[in-house]
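Numbering (the working numbering), first residue to last: 12 to 751. Yeah, the Cβ is synthetic: ideal placement off N, Cα and C, and Gly gets one too. For reference, the structure discussed in these notes is given below.
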C-alpha cells in the first residue's frame with residue numbers, strides 16, 4: 012500500500028521576516044526585564060536598609076547612656092515610642108556583650124539574660140538581610156549594628172522591619188512589568204508585520220518577474236523604483252532579462268545561419284541573409300566581413316568582402332562607409348592581427364583606442380566593435396566585425412559565445428566550399444589521367460596478349476611433349492621454369508620497345524632535314540648560322556648517344572639470346588629426365604643438386620642472389636632422380652622469391668647436405684628472405700595454399716607427395732616473418748619402391 016503525502020508548505024518570507032523582527036523585539040524586552048527587575052528589587056532593599064540604619068542611629072545614643080547608668084527605662088520608652096510611631100517597625104532589640112537583651116515588639120517589651128549568640132555576633136560590622144527571625148518566627152528585614160561608647164564595645168542594636176510595603180512594591184513592579192511587556196509584545200508584533208510587508212512586497216514582486224522570465228516571458232519587467240539594494244536588484248533583474256532576450260534572438264539567428272550554411276555549397280549565396288539576421292538580433296549598426304589577401308609584393312591586406320547596414324543607421328545623416336582595405340602592418344593593427352591569428356576575438360570601444368585603429372574607427376563612425384576571427388582549416392582567413400555606431404557597448408559573454416559559434420560555422424562552410432572545389436578539380440584531373448592511362452593500358456594489354464599467346468603456344472608444345480612421354484608432372488615443371496625465363500624475356504622486350512620509342516634516330520632525322528634545307532649553301536650555314544655552328548658538336552654528342560643506344564640494344568639482344576638458350580637447356584634437360592621417368596637408379600647426391608642449380612643459376616646471377624653450397628655429406632643414393640629434381644627446382648624457386656621480397660641488402664640462399672641417421676640423408680635449402688608466419692607452417696604443404704600473388708599452390712604439395720612416395724619426407728622451419736626459412740628434404744639411401 013502506497014501512502015501519498017503532500018509536502019508541507021513552507022512558511023512565507025513575509026511571515027518569517029515578521030516573526031524574526033518580533034522575536035528580536037521580545038528578546039530585547041526580556042533582556043530589559045532581566046536587568047531592570049533585579050535592580051529595582053535591590054533599590055527596595057536598600058531603602059529598607061537605610062530606614063533600619065536611621066532607627067539604629069537614633070537609638071545608639073540613648074542605648075549608650077542607659078548602658079553607662081544601667082537605667083534602661085529611657086531605652087524602653089524610646090523604643091516603645093518608635094514602634095508605636097512607625098507601623099513598619101517589627102521589633103527593636105538592644106543586646107549587651109554579656110547576652111543581656113531588651114526586646115521590644117508590637118506586643119510589648121521584655122528582658123532576657125541570654126538571647127542567644129545570633130544577637131551578639133563576633134564580627135562587629137553592620138549587616139542586614141531579608142529572612143525569618145527565629146525569635147519571632149516571621150519573615151522580616153533584619154538589621155544589626157554594633158554600638159560603642161568611649162571606645163568601649165557595649166553591644167548590638169537589632170532592628171526588624173515589616174516586609175508589607177516591600178512585598179507590595181515588588182508585586183506592583185511585577186504587575187507593571189507584565190502589563191508593559193504584553194503591550195510591547197503586541198505593539199512589536201503589529202510593527203513587525205507592517206515592516207515585513209513593506210520590506211518583502213518588492214521582493215515578492217521581483218520573484219514574480221523572475222518566475223515569469225523562467226517560464227519564457229522575457230517581456231516582463233520589474234517596476235520597483237527605490238534607491239536601496241532592492242532597487243539595484245530590480246535594475247539588475249531587468250538588465251538580465253534584456254540580456255536573455257538578446258541572447259535568445261542571437262541564438263535564433265545562429266540557428267538560422269546554421270540552416271542556411273548547411274543547405275548550400277556557396278557561402279556567398281546566403282551570407283546577406285545571415286548577416287541581416289545576425290545584425291538585427293545583435294542590435295548593431297552594421298556587420299562587415301574582411302578577407303586576408305596577399306598582394307603581389309607579398310604584403311598582407313584585409314579586403315572588404317561583405318557588409319550589412321541596419322535600416323535605421325543607413326538612413327542616418329551621420330552614415331559612414333567602412334574602410335574598403337585595412338593594412339594590418341600599420342601601427343596598432345599589427346597587434347590586432349596577431350591576436351586574431353591566435354584565434355582570439357577583439358572587444359573594444361573607440362574611446363579606448365589610440366593611433367591608426369582609432370582614426371579608422373572614427374572615420375567609419377564606429378563607437379564599439381567586436382572583431383571575431385574566421386578560421387578555415389586551422390588558419391586565419393579573415394574577420395567578421397560587429398560595429399555599434401550610436402553608443403559604447405559592453406558585450407555579454409553569452410553574446411560572444413553565440414556569435415563565435417556562428418562565425419565558426421561560416422569558417423566551416425568556407426572550408427567545405429574550398430574542399431569541394433579541390434575535389435571537383437581533382438575529379439577532372441583524375442578523369443583526364445584515367446583516359447590517358449587507359450590508352451597506355453590498352454597498348455600494354457595488346458603487347459601482353461601477344462607475349463601470352465607466344466607463352467601459351469610454348470606451353471602447349473611442352474604439354475604435348477609431356478603427354479607423348481607420359482609424364483604430365485614434367486610438363487608442369489617445364490612450364491614453371493620456362494615461364495620464369497619468359498618473364499625476363501618480356502622485361503627485355505619491354506625495355507627495347509621503350510628505348511626504340513625514344514630513339515635518338517628521330518633526332519638524327521631532324522638534323523638530316525636541317526642539312527637538306529641548307530644543302531645549296533651548306534658551308535655558309537655551318538659557319539654563319541647559329542644552328543649550323545652548333546651542329547658539329549651536336550652531331551658528336553648525338554653519335555655518342557646513338558653508340559650507347561646501339562650498345563644497349565646489343566646487350567639486351569645478348570640477354571635475349573641467353574634466355575632463349577636457357578629455355579632450350581631447360582627443355583632438353585627435362586626431356587632427358589622424362590625419358591627415364593619412374594626409373595629407380597643410383598646417382599650422386601651432389602651431382603643431382605648441381606643439375607637443379609644449373610637450371611636456376613642464370614636467374615640467381617641476374618637478381619644478385621648469393622648461392623652458398625655446403626656438401627658435407629655426398630652419398631650415392633638409389634632414388635627416382637626425376638622426382639627429386641622436381642622437388643629441388645621448386646624449393647630453389649621458392650627461396651628466390653622469398654629473398655626478392657625482403658628488403659635485405661644481401662640476398663643469400665644456402666643448399667647443404669647432412670647425414671640423418673645410418674640410412675638417411677637430408678638436403679636443406681635455407682634463405683634469408685621474408686620468412687613464414689607461424690600459423691602458415693601447418694598448412695604450407697596443403698593443395699592450393701600459396702602466399703604468392705601469382706602462385707597456384709601446387710609445387711610444395713606435389714613435392715611433399717613425391718617425398719612420401721620415395722619413403723622420405725619434406726618439412727619446413729621458420730622463426731617468423733622476416734627471419735628466413737629452411738626446407739628439408741629427407742631421403743633414404745637404399746632403393747625402395749613407391750608406397751602410394
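{"Query": "Local Cβ density within 10 Å of residue 288, reported as buried at 16 or more and exposed below that", "Result": "buried"}
{"Query": "Reduced DSSP category for residue 725 - H, G, I as helix; E, B as strand; rest coil", "Result": "strand"}
{"Query": "For residue 118, the three-state DSSP class (helix, strand or coil)", "Result": "coil"}
{"Query": "Assigned secondary structure, residue 321 (DSSP; H/G/I helix, E/B strand, else coil)", "Result": "coil"}
{"Query": "Heavy atom of the ligand HEM within 6 Å of residue 153 beta-carbon", "Result": "With respect to the ligand HEM, the structure shown offers nothing to examine, as it has no ligands at all."}
{"Query": "Beta carbon of residue 302 nearer than 7 Å to that of residue 314", "Result": "yes"}
{"Query": "Contact the segment 169-179 vs the segment 138-153: 3+ CB pairs below 8 Å", "Result": "yes"}
{"Query": "Continuous beta strand (DSSP E) assignments of at least 3 residues falling wholly in the segment 53-111", "Result": "100-107"}
{"Query": "Cβ neighbour criterion (16 or more within 10 Å) applied to residue 481", "Result": "Per-residue confidence for residue 481 stands at a pLDDT of 38, beneath the threshold of 50, marking its modelled position as unreliable; no derived number is given."}
{"Query": "For residue 601, the three-state DSSP class (helix, strand or coil)", "Result": "helix"}
{"Query": "Span separating the alpha-carbon of residue 525 from that of residue 507", "Result": "28 Å"}
{"Query": "The beta strand (DSSP E) enclosing residue 303, as first and last residue numbers", "Result": "297-305"}
{"Query": "Cut-off 6 Å between Cβ atoms - residues of its own chain near residue 316, not counting five sequence neighbours on either side", "Result": "300, 302"}
{"Query": "Residue 724 to residue 685 span [Cα, whole Å]", "Result": "24 Å"}
{"Query": "Close-in-space but distant-in-sequence residues of the same chain around residue 431 (CB under 7 Å, 5 per side omitted)", "Result": "276"}
{"Query": "Residue 521 versus residue 625 - alpha carbon distance", "Result": "60 Å"}
{"Query": "Within 7 Å, strictly: CB atoms of residue 424 and residue 319", "Result": "no"}
{"Query": "Extent of the continuous alpha helix (DSSP H) run through residue 628", "Result": "Run containing residue 628: none; DSSP gives neither H nor E here."}
{"Query": "Under 7 Å between C-beta atoms of residue 365 and residue 378", "Result": "no"}
{"Query": "Neighbourhood of residue 569 by C-beta, 8 Å cutoff - its chain only, sequence neighbours within 5 removed", "Result": "none"}
{"Query": "Top-ranked residue by Cα proximity to residue 598, from 739, 638, 572", "Result": "638"}
{"Query": "Nearest to residue 64 (by Cα), restricted to the options 438, 36, 100, 452", "Result": "100"}
{"Query": "Residue 347: first and last residue of the uninterrupted alpha helix (DSSP H) it sits in", "Result": "344-352"}
{"Query": "Cutoff 6 Å; reference residue 272; Cβ partners in own chain excluding five residues on either side", "Result": "420, 424"}
{"Query": "Local Cβ density within 10 Å of residue 193, reported as buried at 16 or more and exposed below that", "Result": "exposed"}
{"Query": "Residue 147, enclosing beta strand (DSSP E) - first and last residue", "Result": "Unbroken run through residue 147: none, as it is neither H nor E."}
{"Query": "According to DSSP, residues forming a beta bridge with residue 172", "Result": "100, 152"}
{"Query": "The beta strand (DSSP E) enclosing residue 395, as first and last residue numbers", "Result": "390-399"}
{"Query": "Straight-line Cα distance separating residue 149 from residue 27", "Result": "52 Å"}
{"Query": "DSSP bridge partner residues for residue 676 (one or two, in chain order)", "Result": "670, 742"}
{"Query": "Per DSSP, the bridge partner or partners of residue 140", "Result": "153"}
{"Query": "Nearest residue (CA-CA) to residue 9, options 538, 742, 697", "Result": "Within the shown structure, residues of the chain are numbered from 12 to 751, placing residue 9 beyond reach of any answer."}
{"Query": "Residue 687, DSSP secondary structure in three states", "Result": "coil"}
{"Query": "Helix, strand or coil at residue 700 [DSSP, three-state]", "Result": "coil"}
{"Query": "Beta bridge counterpart(s) of residue 159 as assigned by DSSP", "Result": "164"}
{"Query": "Minimum C-alpha distance to residue 7 - residue among 93, 728, 411", "Result": "The question about residue 7 has no answer here: the residues shown for the chain are numbered 12 through 751."}
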